[in-house]
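Q:
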Amino acid sequence: MSSASSTGESAHKRSQVSLKTEKQEGSESACTTVSSTWRQDVHFLGDKEGKVHLRCPPVFDDINDTRRHLKQHLAAAFRVFSRQSFDEGVAGHVSLRDPGNPKTFWINPLSTHFSQICVSDLVLVSEDGNVLPEGAQKAINGPAFTIHSAIHRARPDLNAVCHAHSAYGKAFSCFGRPIEMLYQDALRFYNDLSVYPRYGGTVLTAEEGKRVADALVPTCRNVILQNHGMITCGKTVDEAAFSSLRSTGAAMRSCLRMLQCALVSRKSIFLLKKLNSRTREVAIQTRCG
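Position one of the sequence shown corresponds to residue 84 (the numbering used here), numbered consecutively onward.
1. So Thr149 and Pro182 are in contact, right, with Cβ under 8 Å, and what is the actual spacing, rounded?
2. In this structure, does DSSP put Glu263 in helix, strand or coil?
3. For Leu137, which of Gly129, Asp144, Pro239 has the nearest alpha-carbon?
4. Is it true that the CB of Thr319 sits closer than 7 Å to the CB of Ser327?
5. In this structure, how does DSSP classify Tyr279 when only helix, strand and coil are distinguished?
6. For Leu308, tell me which candidate among Ser165, Leu153, Asp204, Phe255 has the shortest Cα-Cα distance.
7. Taking contact to mean 3 or more Cβ pairs, one atom from each stretch, closer than 8 Å, check whether the stretch 259-269 and the stretch 238-250 are in contact.
8. Would you kindly report the start and end of the unbroken beta strand (DSSP E) that includes His176?
9. Between the beta-carbon of Gly225 and the beta-carbon of Leu207, is there less than 7 Å?
10. Can we say the stretch 264-282 touches the stretch 220-236, given the rule of at least three CB pairs closer than 8 Å?
11. From the DSSP output, which residues share a beta bridge with Phe188?
12. What are the boundary residues of the alpha helix (DSSP H) that Gly225 is part of?
13. Would DSSP call Ala393 helix, strand or coil?
14. Are the CB atoms of Val286 and Ala298 within a distance shorter than 7 Å?
15. Taking the Cβ atom as the reference point for each residue, do Val62 and Lys131 lie within a distance shorter than 7 Å?
16. Specify the secondary structure class of Ala298 as computed by DSSP and reduced to three states.
17. Apart from the five residues on each side of it in sequence, which residues of its chain come closer than 6 Å, Cβ to Cβ, to Ala323?
18. For Leu270, count neighbouring Cβ atoms within 10 angstroms of its own Cβ and tell me buried if that reaches 16, exposed if not.
19. Can you tell me the Cβ-Cβ gap for Ala158 and Ile200, rounded? I've got them flagged as a contact below 8 Å.
20. Rounded to whole angstroms, what is the Cα-Cα separation between Ile234 and Asp145?
21. Rounding to the nearest angstrom, what Cα-Cα distance links Asp211 and Arg236 in this structure?
22. Just to confirm my understanding: we take Pro192, look at its own chain, exclude 5 residues before and 5 after, and list those with CB closer than 7 Å. What are they?
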């Protein structure tokens, strides 16, 4: 996935105003028609004549072209997650708000391994949980819909949501605490990471989904689910997926630091017995997480 696609600007919104990039001789397409703050924050250097520009996501006049491009990046995100071993059985899911109908979103089908997901496998889901005919006619993970639909509904500013059961993400979530700002790369989560300080079992009810969405608070794009894992969001799937990679790396370093500094006196938060039994029964029956 191109790093340029993980910008804070929404490809959804740009596609609807029919902006066109200009080709300049000897350079890639320039985003001169799009005013943005992220380009100013990159602190890049170009040539004296101003012909060297930052790469930027493509802009399409046709909404179908926009949709195809975004779905390709969604499928690519699953392949990247697979390479990072972010897949565990059928647990884990990534969703993308449809650029034409924001009340629907694309998501991976149930029981298809991340390493095998193609654009043709992506399922389009309505806000009430029905599989729509425009996408693959495959079943989806119930808890996935509960979580993702609640976030998409609560945060219209975010178009993509990633949730994976990575090894270090799960391990760090047991501490029920945010990632500590100990090094520069962790600062990408400064004031942008919250903690959902409870475990309600497998997310099957709309009430639990809303609690997870509310944990993101008005401005955060990332949340640690205690005793569960992590959720990262973004205006593009590239941004959300990149945050997932970075948060897992930060969790890994934090876990190792705690062990290396012998901070084992910090108690992990154990699950309630009644939730243990219920979650186990659901896992055995549906194999979903």
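We put the CB at the ideal spot given by N, CA and C, even for glycine.
A: By the coordinates alone:
1. 5 Å between Cβ atoms; contact.
2. Looking at Glu263 - three-state DSSP - the assignment turns out to be coil, as it is neither helix nor strand.
3. Comparing alpha-carbon positions, the option among Gly129, Asp144, Pro239 lying closest to Leu137 turns out to be Gly129.
4. Not closer than 7 Å, so no.
5. Correct three-state label for Tyr279: strand.
6. Taking each of Ser165, Leu153, Asp204, Phe255 in turn and checking the Cα distance to Leu308, the smallest one comes out for Phe255.
7. By the Cβ rule, the stretch 259-269 does not count as touching the stretch 238-250, because fewer than three pairs are nearer than 8 Å.
8. It spans 176-180 - the beta strand (DSSP E) in which His176 sits, taken as one unbroken run.
9. Cβ distance not < 7 Å, so Gly225 and Leu207 don't count as in contact.
10. By the C-beta criterion, the stretch 264-282 is judged not to be in contact with the stretch 220-236, since fewer than 3 inter-stretch pairs fall below 8 Å.
11. Its beta-bridge partners are Arg180, Val208.
12. Where Gly225 is concerned, the enclosing alpha helix (DSSP H) starts and stops at 225-237.
13. This structure gives no information on residue 393, because the portion of the chain shown stretches from 84 to 372.
14. Contact: no.
15. The structure shown does not extend to residue 62, since the chain spans only 84 to 372, so no value can be given for it.
16. Residue state, collapsed to three classes: coil.
17. Exclusion of the five residues before and after Ala323 leaves Ala243, Cys245, Thr315, Cys316, Gly317 as the residues of its chain whose Cβ lies within less than 6 Å of its Cβ.
18. By the 10 Å Cβ count, Leu270 comes out exposed.
19. 5 Å between Cβ atoms; contact.
20. One Cα belongs to Ile234, the other to Asp145, and the distance between them is close to 27 Å.
21. Going by C-alpha positions, Asp211 is about 11 Å away from Arg236.
22. Taken in chain order, the residues that qualify are Asp204, Val206, Ala219, Lys221, Ala222, Ile223.
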